[in-house]
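Per this note's numbering, the very first residue in the sequence shown carries number 36; after that it's consecutive.
Even for Gly, the Cβ is constructed at its ideal location relative to N, Cα and C.
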Amino acid sequence: LLGSFTTFLDNYHLRFVYRLPIDTKIVELIQVATNDMKNSSSQWRFSEPSSSLTQYLHPNETLHLQLLRMSNRGLPRKSDGLIILTRQPVDHQLTLAHLFANPYKVFVKPGLGIRDSRLVLNFGQWPNTSFPATVNTLGTLRRHSCIGQRMHSLFSADHECGANTSSWTAPQCESEDDHEAELSEVEDTSTPISRSATTPTHAAPVSRPSLPTDSTADSTRQPISVTPPRLWATHWTPAPGRYSGRLFEATIFSKALFETATGTLSNPAKLVISGEDFSELAQALIKEIKLAAIAGDFTKILSSDRSFDRTQGGLVVSTGTGIEKETIYTAYRFFTDHEGAWFFPRFGNKSSIATTMSLAGSSFISTDRRLNLVVLGCLTSLMLIHGLAPDPISPALIQWAINGCDVHSLTRDFVGEWFPELRALLDDWTDCGPGGDLEPFQTHLAIYHDMQVASLRTRDLVHHQAFALDMVYTALISTQPAQQSELSSFVTGVRLGCRNGFDFPEVVRSYTGGGSATFISRIWTSLIHDFATIQPYLSIFGLTSRQLSNFADSASSIQGMDLCDLLRKFLQGSGAPCRRLLDQAIPHLSKLIRWEEIDEAAFRPKLFCYAVTGSPHVEWADVEQQMVVHWVGPNDTAYYDDPIARARFMQYGQIAFRTCFKTVRIPAMHLIHLCNSSYPAHDDEGNEVEPFTRDQAIEHWLMMQFAGAIGGATYM
């Protein structure tokens, strides 16, 4: 009768198939199933406890459905051969993983709890419900309390034994009018929708993250398997996203994404972040993210109505996308500046999330730490939205989190692109087989698995194949499973789940031309390695000899100088032009600048890009979105409109930055001043001091101007 029983459940919208992460909480699953029942064409209704009582109850104490488990370890009763289901208390931390971990297999008994490679869970309605369910019938809409009796009459053991159940008739159920007053106490819902439309996007709003259903093609999970597959033996197909490729073709991807996430809402809450410096702005953003994390709804964080304002004396002095990007990056730096607290080194000099306890004790990790990890996950996604690679986080961690914490998303091609040495090692592991020599793997096992090869010498084929998958996960992600609370908190932040069902990972999976793997590759091209990285994104406009002759002496050494080439050579250089002067200036410059990297080829391009765009990354979305530099003369009104202030700023060599437009205006008048000065410089006592040469003076001036703009967002 299994087929008929399944059909009966489907007809009354009492059976749902989901693809879920192993760390899914049972409380969340029940909430989603309840909402699906309410939104089905059967319009199931449940009684609600009074609001005065609800405020004192935990979520697991207000569930309308009760989880059932097999009693007697799933063994039939000797008296009648029946397997009995009984209620299982649901703790708010109980997850699907805990059900699999039950030593008596009261949920996952093969053939009963697991059928067709799927976990089958049974639920019962909470007893003594004062308002029985209602279903639409051909006649009057009636309140039915007879569904359970009808089910029992058709599919009970008595029926299978040939007992006469044909005489059963449904009890007289009352009409809707009879209990209009009673039903008015039950929360109303929107117009019912079909089962095929019951997806996280269309489900009724809930405070917990929505879970994908099997009725959609865009699920984030694969069915739970009871046997480990061989590593990379089959092609992994990512769950497709449902968003149009036009989203990624927008001129400003972040703006298009915010419109997609919340633009359809009638009145989205406005996100306003303000502060007098970027530290204040970042702290204000983190505060808003924490409120969203506590509410389980990131709608405001992704609001299409948003404003990031730098203020002074209560007045807005600068605003726009550039301020937003620098605020997000500054907030992210709050975590990366304390890397040991939040990140843990993994393969390839990349990092994953630092975990402080094993799964067994992770529920005792402080709420504050878990909340901060949600914030970190949220900031990571905001970095991605703005085209910024969240270094030092590993691309593998992003790929894993975006694809529902599925280790199979770390495919052979993906691992080969980012970690070729690891792929070669795994190929060697596969080739050596269960009887092969493990000495070549000793160092890897000691570093990432904290074990000796001797412990693996008695492995069989299944163990050997399963361990290869564990090697991928442990080397790139963690020694802890996805349901460990610190990892799951980070993933919650990455998702940016909204009450309308928006889910950021689904956007990434919708990326045209390769889904999440291609998206990640493009994002990571924003990392600056040297001048060559930013060169395609940079346009420099100098002044002609004729233009210079209008305000420069013909004898000045600036005559014949290629101003564009001068800036390029500065960006290609490294080191401190004037070390003593730099040491004096550093205490007065932004702490966001990593001066310890000054001798690296990436330092000056990063410094320049940070000053121009608000982050030390290049724009990943479109090469046409150029950073534009203009060398300007004394009459350039775009530099500053007021002629008196303009002359004063140019005299001091103030470079004008407009981060929202990614434009820079460099006063040639100050360059003339430097060219006309004598070198080396001398102090009041006549001693030679820095700068010792003209080139040192020019490079020090440019470095101090770019460094001084970071954290200051000059808008002239």
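Asked	Found
Three-state secondary structure (DSSP) of residue 79	coil
Residue span of the alpha helix (DSSP H) that contains residue 741, given as start and end	729-744
C-alpha gap between residue 279 and residue 292, whole angstroms	11 Å
Residues near residue 737 in its chain [Cβ-Cβ closer than 7 Å; skip 5 each side]	605
Runs of beta strand (DSSP E) wholly within the segment 530-594 (minimum 3 residues, chain order)	573-576
Residue 600 - DSSP class collapsed to helix/strand/coil	helix
Close beta carbons around residue 675, own chain, < 8 Å, minus the five adjacent residues each side	681, 684, 691 and 751
Cα-Cα separation, residue 307 to residue 316	10 Å
Distance, residue 519 Cα to residue 257 Cα	Residue confidence for residue 257 is low, a pLDDT of 40 falling below 50, so the modelled location carries little weight and cannot support an answer.
Nearest-angstrom beta carbon gap, residue 574 and residue 663 [assumed within contact, 8 Å]	5 Å
Residue 563 beta carbon less than 7 Å from that of residue 620	no
Entirely enclosed beta strand (DSSP E) segments - the segment 342-424, minimum 3 residues	350-354, 378-381 and 385-388
7 Å Cβ cutoff met for residue 332 and residue 305	no
Between the CA atoms of residue 446 and residue 539 - distance to the nearest angstrom	21 Å
Residue 121 (DSSP reduced to helix, strand or coil)	strand
For residue 20, the first and last residue of its enclosing beta strand (DSSP E)	This structure cannot settle anything about residue 20, because the visible part of the chain is limited to 36 through 751.
Residue 664 (DSSP reduced to helix, strand or coil)	strand
Rounded straight-line distance, which links the Cα of residue 480 to that of residue 486	6 Å
Residue 507, buried or exposed, once every other Cβ within 10 Å from all chains shown has been counted against 16	buried
Beta-carbon spacing of residue 111, residue 118 below 7 Å	yes
Residue 723 in three-state terms, based on DSSP	strand
Beta-carbon proximity check, residue 517 vs residue 409, cutoff 7 Å	no
4-residue-minimum alpha helix (DSSP H) runs that sit fully inside the segment 441-501, ordered along the chain	447-453 and 455-467
Residue nearest to residue 465 in terms of C-alpha spacing, selected from 712, 570, 709 and 501	501
Residue 732 versus residue 709 - alpha carbon distance	7 Å
Test item: CB-CB of residue 666 and residue 522 under 7 Å	no
Residue 3 classed as buried or exposed, judged by whether at least 16 other C-beta atoms fall within 10 angstroms	The chain is shown from 36 up to 751; residue 3 falls before or after that span and cannot be answered.
Beta-bridge pairing of residue 716 - partner residues as DSSP gives them	724
Spatial distance of residue 556 from residue 277 (CA atoms)	21 Å
Distance between residue 607 and residue 505 (C-alpha atoms, nearest Å)	43 Å
Rounded C-alpha distance that separates residue 369 from residue 376	11 Å
Bridge-paired residues (DSSP) for residue 100	160
Reference residue 699, options 631, 644 and 721, closest by Cα	644
Same chain, Cβ closer than 8 Å to residue 42, five either side skipped, listed in chain order	none
Residue environment, residue 441, which counts as buried when at least 16 other CB atoms sit within 10 Å	buried
Best match in 436, 361, 107 and 426 for proximity to residue 525 [C-alpha to C-alpha]	436
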